[in-house]
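Worksheet: the structure to be examined is printed underneath.
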Amino acid sequence: NLEIMKIVLPLFLDDYKSYEAPFSIHNIVEVGKDILNKGAGEWYGAHSISQVMKNVNDKYNNQYYKSFKILTFNEGIIYRSEVSAIFVDK
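Reading the sequence shown from the start, the letters are residues 24 to 113 in this note's numbering.
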């Protein structure tokens, strides 16, 4: 859907420190350095990048947008109750 793309794509623009583009590579690298001590150019595995993206989302969520939610499962087990819970506004 074009309307959804117009909302989601700007969240990923490469706009350093912009709260309008929380998932910019600059913000991802900054959070990666904070929580994983990894710098720009270092490899992020699937688990690592999912943790970074969740932390980026948590840092900026509800400040400028609130409909984007990320849920990670550390042990590889998906719990239906946790998935259902993220769809309930708190």
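Don't be surprised by glycine CBs; every beta carbon is placed ideally from N, CA and C.
{"Query": "C-beta atoms of F46 and L34 nearer than 7 Å", "Result": "yes"}
{"Query": "Assumed close pair I51, V75 - CB separation to whole angstroms, cut-off 8 Å", "Result": "6 Å"}
{"Query": "Among F91, I101, R103, V106, nearest to A44 - alpha-carbon criterion", "Result": "F91"}
{"Query": "Own chain partners of I58 with C-beta closer than 6 Å, once the 5 adjacent residues on each side are dropped", "Result": "N78"}
{"Query": "Neighbour-count burial assignment, N80, 16 or more Cβ in a 10 Å radius", "Result": "buried"}
{"Query": "Beta carbon of I72 nearer than 7 Å to that of L94", "Result": "no"}
{"Query": "Under 7 Å between C-beta atoms of K61 and G68", "Result": "no"}
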